[in-house]
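Enquirer: Counting from 1, one number per residue, gives the positions in the sequence shown under full-length UniProt numbering.
Below are the structure tokens for one structure; questions will follow.
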Amino acid sequence: MENTDAKQLKRVLKPIHLWAIAVGLVISGEYFGWNLGWGVSGTIGFLIATLITTVMYVTFIFSYTELTTSIPHAGGAFAYAYRAMGPFGGLIAGYATLIDFLFATPAIAFSLGAYLHFLHPQIGVLPSAMAFNVVFILLNISGVKESATFSVFITILAVLELLLFMGIVGPSFKMTNYVANPMPFGWGGVFAALPFAVWFYLAIEGVAMVAEEVKEPKKNIPRGYISALATLVFLALGVMILTGGITDWRKLSNLDYPLPEAIAIVLGKASGLTKVFASIGLFGLIASFHGTILASSRQVFAMARSGYLPRGLASVNQKFKTPHWAIIAGGAVSFIALFTGTTGQIIILSVLGAVVMYMMSMISLFILRKKEPGMERPFTAVLYPVFPAVALAISTVCMLAIMYYNFQLSLIFFAGLAAAIVIFILLGKHKAKIMDDALLEKGGVVNN
1 MENTDAKQLK
11 RVLKPIHLWA
21 IAVGLVISGE
31 YFGWNLGWGV
41 SGTIGFLIAT
51 LITTVMYVTF
61 IFSYTELTTS
71 IPHAGGAFAY
81 AYRAMGPFGG
91 LIAGYATLID
101 FLFATPAIAF
111 SLGAYLHFLH
121 PQIGVLPSAM
131 AFNVVFILLN
141 ISGVKESATF
151 SVFITILAVL
161 ELLLFMGIVG
171 PSFKMTNYVA
181 NPMPFGWGGV
191 FAALPFAVWF
201 YLAIEGVAMV
211 AEEVKEPKKN
221 IPRGYISALA
231 TLVFLALGVM
241 ILTGGITDWR
251 KLSNLDYPLP
261 EAIAIVLGKA
271 SGLTKVFASI
281 GLFGLIASFH
291 GTILASSRQV
301 FAMARSGYLP
311 RGLASVNQKF
321 KTPHWAIIAG
331 GAVSFIALFT
341 GTTGQIIILS
351 VLGAVVMYMM
361 SMISLFILRK
371 KEPGMERPFT
381 AVLYPVFPAV
391 ALAISTVCML
401 AIMYYNFQLS
411 LIFFAGLAAA
421 IVIFILLGKH
431 KAKIMDDALL
441 EKGGVVNN
């Protein structure tokens, strides 16, 4: 009876909510991080990289949603890969998803600190990044979560701000600036820029976790995703192209706050509008920051509950009904990343986790189509097998490009995975049926 009630309560999300959740999770990627791609590829090189990753995300999302509606589990890709490939598949996908979300959080914290530093130069970037981390860990533990209405509001505010930004800098756009030194590193630069282009859309996959809460999923999920992707593509291309044409783009290619700096170039740093813009920009970053903390803690919780991480991380706080140890563990990783890495390095690690997770998800989709043809699929992949094949191919190219251009960071990522596999085998986890069938039931999804 409890499960039935939960299902009835869950079926409340409409396309506008899906749009808000998807855009809200991703919107911080339009505010910072992407501009680092200019430094390795130039403006036109990065435009090409962005178009390639846009194709990857369109094909991936409309394939991934088949898995999320068929196997509604808090572990996401971890659960799909376990179902398709067994314990080792689950481990690889779970590890990749953890890296994806756990490292997106400190990257956004860095940018929050940088935006605050832009507004108040006396405040250091690292101390404020750490302060944001602590505040949102405590908020998540206490169960504070934006309502769907507030998510819609804050997302609309962030989108309007980006439209305002384009309106302000647009008149100062000069094509001669944009195409000056367009591909200084040739086609190699396009591949080197792929992780920063992925950052434009990274975390949109997080919205698929609410697939079972959508009214009329077959009709509304495509509507929500298409509107979100269309919004994000328009904003990504608009912000990137217009920003690249107002000055020498190299001045903005290594900042954590490219948009306020761009407005300062156009209007002057003393302009009130420059300060207002940077202040509102904090809301867009906070929306994504809160979302990635929620997503990463849910992933830690699901993997701990299934025995892939220490079971203590799956305990739920009696007072607040939130997975407090999972949230704290994610916060600890965020602190370590803030102290040891740069924004660019953290973004690359997060993106590497994401593309490996995308690959594992698409492989799982193909295997499950063969292995379990009778599985109930409320939503089926669009243009199967073309879309999942394209998503898998581009994800693989992204992974190989990141490994080639960021060898040391890739070594850290894969050394971590190797260590996880060794520990997994030594503990004998690969022999146990860790994820019982109950964990794959609809009632197994845990919401903060």
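Using N, Cα and C, we set each Cβ at its ideal position, and we do this for glycine too.
In terms of alpha-carbon separation, which member of Asn406, Gly307, Ser227, Met362 lies closest to Ile21?
Expert: In the sequence shown, the residue the question calls residue 21 occupies position 21. Of the candidates Asn406, Gly307, Ser227, Met362, the one whose C-alpha sits nearest the C-alpha of Ile21 is Ser227.
Enquirer: Exposed or buried, what is Gly428 when buried is set at 16 or more other beta-carbons lying within 10 Å of its beta-carbon?
Expert: Within the sequence shown, the letter at position 428 stands for residue 428. The residue in question, Gly428, is exposed, as its Cβ has fewer than 16 Cβ neighbours within 10 Å.
Enquirer: With H, G and I counted as helix, E and B as strand and the rest as coil, what does DSSP make of Leu13?
Expert: Within the sequence shown, the letter at position 13 stands for residue 13. Of the three classes helix, strand and coil, the one that applies to Leu13 here is strand, per DSSP.
Enquirer: Going by DSSP, what residue range makes up the alpha helix (DSSP H) through Asn133?
Expert: Taking the sequence shown and counting its residues from 1, one reaches residue 133 at position 133. Taken as a continuous stretch (DSSP letters only), the alpha helix (DSSP H) holding Asn133 covers 125 to 141.
Enquirer: Quick one: measure Cβ to Cβ for Ser288 and Ile108, integer angstroms, because I've assumed they're closer than 8 Å.
Expert: Translated into the one-based positions of the sequence shown, residue 288 becomes position 288. Translated into the one-based positions of the sequence shown, residue 108 becomes position 108. Right, the Cβ-Cβ distance comes to about 6 Å (below 8 Å), so this counts as a contact.
Enquirer: With three or more C-beta pairs closer than 8 Å as the rule, is the segment 170 to 188 touching the segment 324 to 337?
Expert: Flag = no, the segment 324 to 337 and the segment 170 to 188 do not touch.
Enquirer: Any idea what DSSP makes of Val179, helix, strand or coil?
Expert: Translated into the one-based positions of the sequence shown, residue 179 becomes position 179. The answer is coil: DSSP assigns Val179 none of H, G, I, E or B.
Enquirer: Drop a sphere of 10 angstroms on the beta-carbon of Ile123, count the other beta-carbons inside from all chains shown, and report buried for 16 or more, exposed for fewer.
Expert: Taking the first residue of the sequence shown as position 1, residue 123 is located at position 123. Exposed, since its Cβ has fewer than 16 Cβ neighbours within 10 Å.
Enquirer: Are Ala401 and Ala236 closer than 9 Å when you measure CB to CB?
Expert: In the sequence shown, counting from the first residue as 1, residue 401 sits at position 401. In the sequence shown, counting from the first residue as 1, residue 236 sits at position 236. Cβ atoms of Ala401 and Ala236: not closer than 9 Å.
Enquirer: Pull up the CB-CB distance for Phe413 and Ile99, whole angstroms please, since I reckon it's below 8 Å.
Expert: Indexing the sequence shown from 1 puts residue 413 at position 413. Indexing the sequence shown from 1 puts residue 99 at position 99. Correct: roughly 7 Å between the Cβ atoms.
Enquirer: My parser needs the alpha helix (DSSP H) runs of 4 or more residues fully inside the segment 189 to 270; what are they?
Expert: Fully enclosed alpha helix (DSSP H) runs of 4 or longer: 194 to 198, 217 to 244, 258 to 267.
Enquirer: For the alpha helix (DSSP H) that Leu427 lies in, which residues bound it at each end?
Expert: Taking the first residue of the sequence shown as 1, we reach residue 427 at position 427. Counting along the chain, Leu427 falls outside any alpha helix (DSSP H), and DSSP gives it neither H nor E.
Enquirer: Considering only residues of the same chain and omitting the five flanking positions on each side of Lys275, which have a CB-CB separation below 8 Å?
Expert: Here residue 275 refers to the residue found at position 275 when the sequence shown is read from its first residue. Once the five neighbours on either side are set aside, the close Cβ partners of Lys275 are Leu119.
Enquirer: Rounded to whole angstroms, how far is the Cβ of residue 449 from the Cβ of Ile204, which I believe are closer than 8 Å?
Expert: Residue 449 cannot be examined here, being either before or after the span of the chain that is shown, 1 to 448.
Enquirer: Take Ala332 and list the residues in its own chain whose beta-carbon comes closer than 7 Å to its own, dropping the five residues that flank it on each side.
Expert: In the sequence shown, residue 332 corresponds to position 332, counting from 1. Here the set comprises nothing.
Enquirer: If you count every other CB in all the chains shown that lies within 10 Å of the CB of Gly189, and 16 or more means buried, which is it?
Expert: The sequence position of residue 189 within the sequence shown is 189, counting from 1. The residue in question, Gly189, is buried, as its Cβ has 16 or more Cβ neighbours within 10 Å.
Enquirer: Buried or exposed for Thr176, please, with buried defined as at least 16 other CB atoms from any protein chain shown within 10 angstroms of its CB.
Expert: Locating residue 176 in the sequence shown gives position 176, counting from the first residue. The residue in question, Thr176, is exposed, as its Cβ has fewer than 16 Cβ neighbours within 10 Å.
Enquirer: Taking the beta carbon of Thr340 as the centre, do at least 16 other beta carbons fall within 10 Å, making it buried, or is it exposed?
Expert: Within the sequence shown, the letter at position 340 stands for residue 340. Exposed, by the Cβ-count rule.
Enquirer: Do the CB positions of His290 and Ile141 come within less than 9 Å of each other?
Expert: As a position in the sequence shown, residue 290 is number 290, starting the count at 1. As a position in the sequence shown, residue 141 is number 141, starting the count at 1. For His290 and Ile141, no; Cβs fall outside 9 Å.
Enquirer: Confirm, please, whether the CB-CB distance from Tyr115 to Pro260 is below 9 Å.
Expert: The residue given as residue 260 occupies position 260 in the sequence shown. The residue given as residue 115 occupies position 115 in the sequence shown. Against a cut-off of 9 Å, the Cβ pair of Tyr115 and Pro260 comes out as a contact.
Enquirer: Please identify the residue among Pro87, Ile71, Gly94 whose C-alpha is closest to the C-alpha of Phe78.
Expert: Locating residue 78 in the sequence shown gives position 78, where the first residue counts as 1. Answer by Cα proximity: Gly94.
Enquirer: What residue ranges within the segment 305 to 380 form continuous alpha helix (DSSP H) runs of no fewer than 4 residues, ordered along the chain?
Expert: DSSP runs (the alpha helix (DSSP H)) wholly in the segment 305 to 380: 324 to 340, 343 to 371.
Enquirer: Is it right to say Ile168 is buried, meaning 16 or more other beta carbons lie within 10 angstroms of its own, or is it exposed?
Expert: Locating residue 168 in the sequence shown gives position 168, counting from the first residue. It is buried - the Cβ of Ile168 has at least 16 other Cβ atoms within 10 Å.
Enquirer: Going by C-alpha to C-alpha distance, which of Ile348, Glu376, Lys14, Thr342 sits closest to Ala197?
Expert: Locating residue 197 in the sequence shown gives position 197, where the first residue counts as 1. Of the candidates Ile348, Glu376, Lys14, Thr342, the one whose C-alpha sits nearest the C-alpha of Ala197 is Ile348.
Enquirer: Helix, strand or coil for Val26? Go by DSSP, reduced to three states.
Expert: For the purposes of this step, residue 26 is taken as residue 26 along the sequence shown, with counting starting at 1. DSSP places Val26 in helix when its eight states are reduced to three.
Enquirer: Beta-carbon within less than 7 Å of Leu67's beta-carbon, same chain only, minus the 5 sequence neighbours each way: which residues are those?
Expert: Here residue 67 refers to the residue found at position 67 when the sequence shown is read from its first residue. Tyr80, Ser361, Ser364, Leu365, listed in sequence order.
Enquirer: Roughly how many whole angstroms lie between the Cα atoms of Ser41 and Tyr384?
Expert: Along the sequence shown, read from residue 1 onward, the residue named residue 41 stands at position 41. Along the sequence shown, read from residue 1 onward, the residue named residue 384 stands at position 384. Using only the alpha carbons, I get a separation of about 33 Å.
Enquirer: Measuring only the C-alpha atoms, how far is Thr155 from Gly24?
Expert: Start at 1 with the first residue of the sequence shown, and residue 155 comes out as number 155. Start at 1 with the first residue of the sequence shown, and residue 24 comes out as number 24. Straight-line Cα distance between these residues: approximately 5 Å.
Enquirer: Note down the Cα distance separating Ile52 from Phe320, rounded to an integer number of angstroms.
Expert: Translated into positions along the sequence shown, residue 52 becomes position 52. Translated into positions along the sequence shown, residue 320 becomes position 320. Computed Cα separation, rounded: 43 Å.
Enquirer: For Val390 and Gly272, I'd like the C-alpha separation in whole angstroms.
Expert: Along the sequence shown, read from residue 1 onward, the residue named residue 390 stands at position 390. Along the sequence shown, read from residue 1 onward, the residue named residue 272 stands at position 272. When rounded, the distance between both Cα atoms is 46 Å.
Enquirer: Quick one: grab the DSSP three-state call for His117.
Expert: By 1-based counting over the sequence shown, the position of residue 117 is 117. DSSP places His117 in helix when its eight states are reduced to three.
Enquirer: Do you know offhand how far Phe132's Cα is from Val386's?
Expert: Start at 1 with the first residue of the sequence shown, and residue 132 comes out as number 132. Start at 1 with the first residue of the sequence shown, and residue 386 comes out as number 386. Taking the straight line joining both Cα atoms gives about 42 Å.
Enquirer: Which term fits Ala418, buried or exposed, when burial requires 16 or more other beta carbons within 10 angstroms of its beta carbon?
Expert: Residue numbering aside, residue 418 sits at position 418 when the sequence shown is read from its first letter. With fewer than 16 Cβ atoms within 10 Å of its Cβ, Ala418 is classed as exposed.
Enquirer: In whole angstroms, give me the CA-to-CA distance for Thr4 and Gly86.
Expert: On the sequence shown, residue 4 is found 4 positions in, with the first residue counted as 1. On the sequence shown, residue 86 is found 86 positions in, with the first residue counted as 1. Reliability of the predicted coordinates at Thr4 is poor, the pLDDT of 39 falling under 50, and the value obtained from them is presented with this limitation in mind. Whole-angstrom Cα-Cα distance: 29 Å.
Enquirer: Restricting to Cα atoms, I'd like to know which of Val316, Ala304, Met359, Leu285 is closest to Gly113.
Expert: One-based indexing of the sequence shown puts residue 113 at position 113. Residue Leu285 is the option with its Cα nearest to Gly113.
Enquirer: Output the distance between the C-alpha atoms of Leu163 and Leu47, rounded to the nearest integer angstrom.
Expert: Reading the sequence shown from its first residue, position 163 is the one you call residue 163. Reading the sequence shown from its first residue, position 47 is the one you call residue 47. Looking at the two C-alpha atoms, the distance is approximately 19 Å.
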